[in-house]
Structure formats: structure tokens, C-alpha cells
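Chains as they are written, first to last, in our numbering: chain A, 1 to 461; chain B, 462 to 922. The C-beta atom is built at its ideal place from N, Cα and C for all residues, glycine as well. Working notes, beginning with the structure itself.
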């Protein structure tokens with residue numbers, strides 16, 4: 001055989017989802033990684049070269065064979081998470097939305113302009129999400145440019161692929177005076193500087209760091225700012241993130257101010273592109289979804305958060321049929337969990353609740369929305385493959401030229417709830433992992449071919 | 462001070478819920494336990510005797526002060542869990558109900574008549590649920606009497622308070638020939654023997670073991686058996702467990718066979734008592750709930766399982782207002798998680814989804830059921846206080862004569878997702894624990910005053 005120059009070769013069983021609704025088991029394969037941190041090749045046991053590659057590498061120190069009970073999963077892509085809301089995670093979910101925003105969330109995000117606080121908090125969120133298998137995260141930072149740059153630097157340093165946005169919010173009618181951009185010009189200038197600075201950070205680390213244009217949502221921005229951000233997106237070709245039709249209130253606001261839907265407003269300002277990630281979308285109409293499909297934008301489905309703030313379930317299966325891609329987001333701290341596993345589970349659960357309905361006083365036939373259910377395969381696809389496509393990047397699959405972003409799940413560690421029995425098929429194992437894994441089961445994590453989890457429990461105290 | 466003869470004195474901060482919807486913080490208290498394993502006294506820092514008790518015990522080896530970041534919670538009561546379905550936990554949730562029952566569940570439960578399999582499986586479920594804080598569990602065993610007795614023995618030996626039932630299912634029209642009681646007389650005889658045998662087991666351990674009369678559900682039993690089990694319940698005064706109006710199918714079945722609702726049928730046979738635990742109840746009508754309230758029966762609310770099999774959300778807040786108590790159940794393996802923490806979270810989540818509705822195509826005002834939401838306080842009440850009341854026992858509160866069943870939650874362990882900050886109030890801490898604790902956080906567990914968690918991760922391999 002010819003010289004391959006692999007930098008790592010792993011042998012074991014992996015799961016991934018190349019197709020919506022289907023899971024592929026890569027049983028006892030060899031996964032070869034190259035110097036760029038990409039998958040160079042996947043050899044199946046029946047492949048002619050399998051034996052040669054195995055013999056060539058199995059005695060080298062770049063070779064690793066998974067132990068019984070260990071499995072590989074692609075790293076997860078969290079398409080929606082608010083880094084400065086970290087310290088509120090798990091609290092204040094019982095208060096009304098206005099209280100949540102004005103008394104809990106805005107003051108907290110404001111505090112993250114203090115560098116010491118920001119450094120500690122951002123290290124914790126990056127460390128914790130890595131410990132839950134999130135290899136790529138699309139972060140809302142705060143309104144503060146310097147603080148959000150710190151977030152991008154911390155992602156770069158800790159090995160997570162961070163797509164970060166300085167949050168733009170300059171509409172004095174919707175944003176508190178202590179927490180907003182001074183005016184449209186200042187907001188746009190800051191965004192431009194932020195893009196340039198994050199690009200430089202990205203060049204400094206193998207997994208990259210990406211700037212994201214981030215209008216908080218339509219209500220928080222003036223017209224001039226929405227228009228200017230659309231122009232910046234066209235100029236730089238970078239991703240955009242915002243919220244879309246998250247709640248009855250947000251959906252109604254766009255009509256009141258513009259006489260159009262939230263989606264139509266974003267599109268009018270050039271903010272729906274094939275690199276746009278729009279969070280929630282529970283209140284999108286079918287015609288809004290058709291617009292998203294036409295533009296190639298991706299919805300960040302956040303099922304846990306939506307139970308508290310979404311006023312409905314995002315109908316992920318119907319939207320995929322319309323051509324609208326969706327990935328998954330934790331939406332910390334509107335969602336109480338930093339784990340995409342929890343959101344994979346919840347995505348399945350809420351799809352069943354949408355299908356069957358919730359109010360048993362209605363007749364069964366009028367209670368829910370038939371054919372809404374998804375299963376663990378769709379949910380894994382959203383957490384991996386769809387997240388990569390949303391960002392226009394080769395992420396989420398064990399295939400050549402895809403980044404080698406991978407989780408090693410060990411089902412036999414202490415604190416494991418995953419119990420595998422002799423009758424379990426590989427598909428059963430995947431189901432048990434997706435429904436029952438906790439962070440103790442994640443014993444190694446690779447981003448762009450590099451191992452990035454170190455120390456017990458991945459926790460810095 | 463007089464001699465107290467305490468067997469343990471703990472100092473620290475605890476949370477509990479004496480009242481539906483309210484949480485009480487017992488800050489820096491002394492919890493004194495007596496030789497019966499009951500709470501003998503709770504001393505608050507402002508109590509006159511606090512200093513005396515502290516001085517008397519703090520140098521003894523029965524004293525333990527919680528470290529910073531550690532908190533006490535009452536042990537949880539799981540009101541509904543199927544022990545022989547353990548090995549299916551986390552799988553087959555995407556198959557239709559008929560397939561789930563006939564191809565996955567009944568054959569699996571049948572296998573648990575083999576003592577070796579049963580011993581291994583039952584040790585795992587008891588060990589794992591203890592590791593998640595379940596100090597009392599109301600178990601469906603299998604149809605096999607000997608196997609279910611083994612379950613009761615294992616609970617007794619491992620220190621969990623097990624309320625176990627040999628499952629009765631003798632209706633040939635609904636039960637497969639390989640897995641049912643031979644006839645009504647055999648089912649009733651087996652139940653009587655089972656009750657006597659479990660009572661003997663209960664006398665052998667401090668926490669007790671309780672027999673539970675367990676008709677699987679109305680469809681699985683003949684009339685003679687339902688009537689006979691009602692008579693046994695009256696004769697022995699023991700608890701009853703069954704399923705009630707779990708799904709559209711089950712609710713409809715009762716009308717077809719009896720021309721009455723599922724609740725009315727159970728009542729007709731004497732199976733709704735103040736010691737009855739009826740699982741699910743998603744399809745109960747208001748008049749059925751009124752009947753439950755009158756009888757003093759308790760609903761085991763299983764929010765995770767119901768998403769898959771319930772065809773609706775059990776309206777826990779409306780039912781409490783009607784006087785119907787509800788506790789929580791994991792319903793393994795209809796529910797994929799062995800943890801009541803997961804079900805506490807899901808109880809909150811589904812209450813919000815019931816309130817707001819799921820199908821955004823309906824106008825907001827017609828989408829959900831107003832005033833359905835509960836919060837973390839209601840959910841904790843269900844997992845503790847209500848579970849104890851369901852069984853007519855003093856469980857779930859840190860109060861004199863209540864069993865000292867307690868969880869020690871350490872927020873600072875490796876793998877912890879609980880991050881406490883200086884601004885967090887005790888109520889915030891409780892919210893973070895309930896939404897974010899995982900089994901690594903549970904570092905000690907007491908049942909009836911005895912510590913019962915040993916070894917790393919509480920796992921036997």
C-alpha cells in the first residue's frame with residue numbers, strides 16, 4: 001500500500017445519520033484522520049485495504065481500538081445558545097417572559113461586559129458544553145463587543161469550534177437604556193470590527209472560529225440597523241443568527257411594526273440567506289416556511305426552551321417536507337440544559353405530543369396534528385448533519401473531508417444508565433445511548449482531529 | 462438538656478415541600494434521627510436547643526456537617542415503574558403500541574420468570590433507581606409470583622423501600638397464551654400467597670416491604686378476577702396499583718366491555734381505595750376525577766411515558782384543584798428514564814405545553830388550556846410528599862415521625878452541571894438542583910435512617 005500519512009487511526013463502531021430519518025451503523029470500521037483534522041478514510045471490515053491499514057497502524061501510537069461497550073458518535077452542533085445567560089441556567093423559568101427578560105436576562109447579560117466575570121462564565125459554558133459532546137456551537141454573545149471577542153478566544157483556546165455573534169440591539173423602544181447599542185452607526189461599526197477580529201482568531205486555531213452577524217431579533221433593532229446588517233452579511237458572506245417567530249408576541253410584533261410577518265421582515269432586510277440560522281420558528285406560517293426553504297436558511301429547533309417561551313411546538317417533520325432544514329439548539333438559559341442529548345430526547349418527545357395533542361377533552365381526531373412524530377434517527381440528524389449543513393461546513397458525518405469531530409461514548413463507566421444486553425442490536429444500542437447517555441458516559445472528544453476533553457468531569461472549579 | 466439517644470445528627474440546608482406549590486428552605490438546621498430511622502427533631506438556628514444539641518453531638522461520630530455546596534432533599538417516591546421491562550429501557554419507543562406490547566414487552570416480562578435473569582435485572586433496577594434518589598418505589602413485577610418475590614427480597618436487601626406487585630392478567634382475549642395467569646382462581650391464590658410472603662420480607666428489614674395488589678389493567682383481567690382482587694384488597698387493607706385511562710384505546714375498551722368508564726369499572730370492583738395508585742389517567746373525564754377524589758385514590762403521573770403512549774397530558778393542576786392527589790412515576794420502560802429528576806422536569810415542561818397548546822395553526826386563545834402550568838415546587842411535592850400520602854405513610858418531609866429518607870446533593874462534584882453563583886438565593890439553588898442534577902451529584906442516600914449508596918456510581922458490573 002502507498003504511504004497514507006494518517007495522524008490517527010481509530011477502530012470501532014460508530015453511528016451517524018447521512019440521511020434524514022436513517023441511521024447508519026459503521027460496525028468495526030477503521031477511521032483514519034489526516035493532518036488537517038479531517039476524516040481521510042473509513043475502512044469497513046469487508047474493504048480490501050482494511051487488513052493492510054490495520055497491520056500498518058495497530059502497533060503505532062496513533063492507533064486506538066475502542067474497548068467493548070465503547071462507541072463513536074459525531075460531535076454535536078448546538079445551533080443556538082446564549083453564552084452570557086449561563087449563570088441563570090436552570091432558574092427563573094416559572095416567571096413571566098417580561099420579568100425573565102427585564103429582571104433576569106438583560107441585567108445579567110450587561111454584567112458580562114466585565115472581563116473577569118465574562119472570562120469565568122465563558123470558560124464554564126465552553127467547558128461544560130464540550131463535556132456534553134458539543135464540538136461546534138453557534139453562540140449569541142452579549143451586546144458587548146470585547147466580551148464577545150473573549151468568548152471567541154476562549155472557544156479557540158479550549159478547542160471548541162465557536163461561531164459567535166456580538167448581539168446587536170439598538171431600538172430604544174425595546175431595549176433598556178443600560179443595555180443597548182448607542183445608535184445604528186455604532187452597532188454596525190462594532191459588528192464590522194467584530195467580524196474582522198473573529199476571523200483573525202479563527203486563523204489561530206485548527207478548528208476555526210467564525211463571526212456571526214447577530215441582530216437579537218426584529219423588535220430589538222431599528223430599520224437602519226437591520227438594513228445595515230443585511231449589507232454586512234452580503235459583503236462578508238458570513239453566517240447570520242437571530243430569533244424568528246419564537247412566540248405569539250414576537251410574531252405579532254412584526255405585523256404591528258411592518259405589516260409583514262417576522263420572516264418577511266428579515267428577508268426584506270437581506271437577513272435570510274443560506275447561512276442564516278433562525279431560532280425557534282414555532283409561530284411560522286406555511287408561507288413563511290416556504291420562504292425559508294427558498295432562501296436555504298436553517299431553523300434552530302429548541303424544544304426545551306419552546307415549552308417555556310414558544311407557545312407551540314415547531315413542526316419539524318412538516319417543515320422538512322417543505323424543504324426547511326432544522327438543527328437543534330439548547331437555547332441556554334431559556335432552555336435549562338446545556339446538553340444536546342436532552343434536546344434530542346425532547347425533540348422526539350414534543351413531536352409525539354404535537355402528533356397526539358395535549359388536551360384530552362378534545363376528541364382524539366381533533367387533538368393533535370397527524371404525522372408529526374419523529375424518532376431518534378431524525379433527532380440525531382438534526383444534532384449533527386443538519387447543523388453542519390446550516391453552517392455550510394463538512395461537519396457531522398464520518399466521511400472523507402468531513403472534520404473529525406467525534407464523541408467516544410463508554411456505556412460501562414460508573415454513573416452510566418446505559419445497560420446493553422445480549423439481544424440488543426446496534427440500532428438498540430444507539431437508541432439507548434441517545435435516550436440515556438449522561439456526561440459521565442462521554443470519555444473522549446475530538447474536534448478537528450484533536451482530543452479536547454481533559455481532566456475529571458471536564459469541570460474547572 | 463435531657464438524653465436524646467439520637468442515632469444520627471446532620472447539619473446543613475435542606476429543601477422540602479409540605480404544601481402543594483410551596484417549597485420550604487430549612488437553612489443550616491440540625492436533623493436528628495432516632496433508632497427507628499425516623500426524623501426525631503429538626504432544630505433551626507433560632508431554636509433554643511440548637512446550640513446545646515450541636516455541642517453535644519458535633520464531636521461524636523454520628524454527627525455529620527454538610528460541606529459548602531451540599532444540600533439535602535427528601536428521597537423520591539416513584540409511584541409507577543415496571544421492573545421486568547428494565548432491559549428495554551431506552552429502546553423501541555418508535556414502534557406502534559401493539560408491537561411494543563406484543564413483540565417487546567410481554568416476551569421480555571415472560572423471560573423474568575427465569576430466576577438468574579430476574580436476579581441480575583432486578584438488582585440493576587434497584588441499584589440504579591437508588592442512585593437516582595428513589596428511596597421508595599411502587600413496582601409492577603411480572604406475572605410470575607416467584608420472580609416478583611425475588612424483586613421484593615432484592616429491594617429489602619439493597620435498602621430500598623419496595624412496594625411490589627405480582628401482576629395479574631388472566632383474560633385470554635387480551636393476554637398471550639405464554640404469559641398469563643391460568644385462570645381466576647390461580648391468579649387470586651397467587652396474589653394471596655404473594656401478599657403473605659412480602660409481609661414476611663417486610664418484617665425482615667427496617668424500611669419495610671409492601672405487597673401491592675396489581676391487576677395489570679382492566680382489559681387484562683376477567684370480571685371474576687377484578688372482583689376477587691377487590692375483595693382481597695378489603696381483606697388485607699394493602700395498596701392497589703393498576704393503570705387507568707392511560708390512552709384512548711384503554712379508555713374506549715372499558716366502555717365497550719362494560720358500558721362504563723375505566724374509573725367506574727375499577728370502582729365497581731372495589732379497586733379504588735385510599736391506597737390505590739392508578740397510573741397515567743390522561744384520558745380521565747372530570748366526573749372520573751371526582752370519583753377518584755371521593756375515594757382518595759392517587760394518580761401516578763408519568764409525563765415522559767405519556768408523551769409516547771398517553772394521547773394527551775394529565776392535567777395535574779386542574780385535578781389537584783378537584784381534590785385528586787398525584788405523585789410521579791418513571792414508568793420504565795414506557796418512560797425511557799429511571800430518574801424522577803427527569804420526570805420532575807418533564808412534569809413542569811408538559812404542564813407548560815398543556816397551557817400553551819402545541820399546534821400553532823390554532824389561534825393562541827384556542828390552542829391550550831389556561832392555568833395548567835405547574836413549577837418546580839409542585840413537581841417536587843409530587844415526587845416526595847404526595848408519593849408518601851399515596852401510600853398512607855410518613856414519607857417525603859423532614860419532620861418528626863417521618864422516615865429519614867434523604868438525598869445528599871453535592872453541587873461541586875466532577876460531572877456536575879449545577880453552577881451556583883453568589884447572587885443565587887436558596888430557592889434558585891433548589892431550581893438548579895431540580896433542573897440540572899444528574900446521578901453524579903447524588904453522593905449519599907439514606908433510607909429509614911440508614912445509608913444505602915455504596916461504591917462508585919452505584920453500579921454493579
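field: Simplified DSSP state of residue 378 (chain A), which is helix, strand or coil
entry: helix
task: Answer yes or no: does any C-beta atom of chain A fall closer than 8 Å to that of residue 468 (chain B)?
output: no
message: Any beta carbon of chain A sitting closer than 8 Å to that of residue 858 (chain B)?
response: no
- prompt: Quick one: is residue 21 (chain A) buried, meaning 16 or more other Cβ sit within 10 Å of its Cβ, or exposed?
  reply: exposed
query: Under 8 Å between the Cβ atoms of residue 30 (chain A) and residue 50 (chain A)?
result: yes
- prompt: How about residue 230 (chain A) and residue 292 (chain A): do their beta carbons lie closer than 8 Å?
  reply: no
message: Tell me the DSSP secondary structure of residue 874 (chain B) in three-state form.
response: coil
task: Ignore the nearest five residues each way along the sequence and tell me which others in residue 582 (chain B)'s own chain have a CB closer than 8 Å to its CB.
output: 544, 545, 547, 548, 573
message: I'd like to confirm something about residue 512 (chain B): is its beta-carbon nearer than 7 Å to some heavy atom of the ligand SAM, or not?
response: This structure lacks the ligand SAM; in fact it carries no ligand of any kind.
- prompt: Do you know offhand how far residue 349 (chain A)'s Cα is from residue 561 (chain B)'s?
  reply: 17 Å
message: Here's the rule: buried if 16 or more other CB atoms are within 10 angstroms of the residue's CB, otherwise exposed. What is residue 246 (chain A)?
response: buried
message: Between the alpha carbons of residue 455 (chain B) and residue 827 (chain B), how many angstroms are there, rounded?
response: This structure cannot speak to residue 455 (chain B), because chain B is shown only from 462 to 922.
- request: Starting from the C-beta of residue 444 (chain A), find all residues in its chain whose C-beta is less than 7 Å away, skip the five residues before and the five after it, and write them out in chain order.
  value: 408, 451, 453
- request: Return the CA-CA distance between residue 720 (chain B) and residue 486 (chain B), expressed in angstroms with no decimal places.
  value: 49 Å
task: List the endpoints of the continuous alpha helix (DSSP H) containing residue 431 (chain A).
output: 426 to 436
query: From this set, B:552, B:843, B:746, B:697, which residue's C-alpha is nearest residue 480 (chain B)'s C-alpha?
result: B:843
- request: Mind listing the chain A neighbours of residue 901 (chain B)? Cutoff is C-beta to C-beta under 7 Å, in chain order.
  value: 415, 440
- prompt: Three or more beta-carbon pairs under 8 Å between the region 782 to 802 of chain B and the region 762 to 774 of chain B, yes or no?
  reply: yes
- request: Quick one: give me the first and last residue of the beta strand (DSSP E) that residue 673 (chain B) is part of.
  value: Residue 673 (chain B) -> no beta strand (DSSP E), and no H or E assigned at all.
message: At the level of alpha carbons, what is the spacing between residue 542 (chain B) and residue 289 (chain A)?
response: 41 Å
field: Anticipated Cβ contact below 8 Å, residue 815 (chain B) with residue 833 (chain B), distance rounded
entry: 4 Å
message: Can you tell me whether residue 165 (chain A) is buried or exposed? The criterion is at least 16 other CB atoms within 10 Å of its CB, across all chains shown.
response: buried
field: Nearest neighbour of residue 184 (chain A), chosen from A:176, A:168, A:194, A:370 [CA to CA]
entry: A:168
field: Chain-ordered chain B contacts of residue 364 (chain A) [CB-CB under 7 Å]
entry: 709, 772
- prompt: Are the beta-carbon atoms belonging to residue 180 (chain A) and residue 170 (chain A) less than 8 Å from one another?
  reply: yes
query: Would residue 649 (chain B) pass as a contact of residue 606 (chain B) if the rule is Cβ separation under 8 Å?
result: no
- request: Mind listing, in chain order, the continuous beta strand (DSSP E) runs of no fewer than 3 residues lying wholly within the region 275 to 355 of chain A?
  value: 276 to 280, 298 to 301, 325 to 328
task: Could you list which residues in chain B have their beta carbon closer than 9 Å to that of residue 431 (chain A), in chain order?
output: 551, 552, 553, 554, 555, 797
task: In angstroms with no decimal places, state the Cα-to-Cα distance between residue 175 (chain A) and residue 676 (chain B).
output: 59 Å
task: Please list the partners that residue 283 (chain A) has in chain B, where partner means a Cβ-to-Cβ separation under 8 Å.
output: 821
query: Is the distance from the Cβ of residue 418 (chain A) to the Cβ of residue 425 (chain A) below 8 Å?
result: no
- prompt: Which residues share a DSSP beta bridge with residue 244 (chain A)?
  reply: A:280
- prompt: Does any residue of chain A bring its CB to less than 8 Å from the CB of residue 516 (chain B)?
  reply: no
query: Going by alpha carbons, who is nearest to residue 710 (chain B) out of B:745, B:728, B:499, B:694?
result: B:745
- prompt: Cα separation between residue 523 (chain B) and residue 339 (chain A)?
  reply: 39 Å
- request: Note down, in chain order, each residue of its chain lying with its Cβ closer than 7 Å to the Cβ of residue 771 (chain B), except the 5 sequence neighbours on either side.
  value: 707, 708, 741, 743
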